[in-house]
């Protein structure tokens, strides 16, 4: 879990001598996905993409900015959910959402 308005250095390296980015279009694909998933929640201060690894320096946006994002996405999700639940016969107000999922409880170590 990230903390609001904190800085993070995120990096990833390919396995062994493999590359993450084999062609120029791979860089563009990564940046498009980054723009879609990360830019709404974090400001990018610096990044470096290399064939076998990458570095990102980000700052998580303020609570106010995130709240605005959540409000917008929640309205969209609620509209879609309402249609889905009506389709399957769930009355309005009957469904209370998903139970909280705790990853730590569901992950087992395999050796």
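Numbering (this note's numbering), first residue to last: 19 to 129. Even glycine gets a Cβ: it sits at the ideal position worked out from N, Cα and C.
>> Pull the bridge partners of residue 78 from the DSSP assignment, please.
In response: DSSP lists 60 as partners of residue 78.
> Secondary structure at residue 103, three-state DSSP: helix, strand or coil?
Replying inline: The predicted position of residue 103 is uncertain, since its pLDDT is 49 and thus under 50; a value taken from the coordinates is nonetheless stated next. Looking at residue 103 - three-state DSSP - the assignment turns out to be helix.
> Tell me which same chain residues have a C-beta within less than 8 Å of the C-beta of residue 77, skipping the five on either side of it?
Replying inline: Excluding the 5 residues flanking it on each side, residue 77 has same chain C-beta neighbours closer than 8 Å at 23, 24, 25, 26, 60, 61 and 63, in chain order.
> Under the rule that 16 or more other beta-carbon atoms within 10 Å means buried, what is residue 72, buried or exposed?
Replying inline: Around the beta-carbon of residue 72, 16 or more other beta-carbon atoms lie within 10 Å, marking it buried.
>> For the alpha helix (DSSP H) containing residue 44, name the first residue and the last one.
In response: Counting along the chain, the alpha helix (DSSP H) containing residue 44 begins and ends at 42-55.
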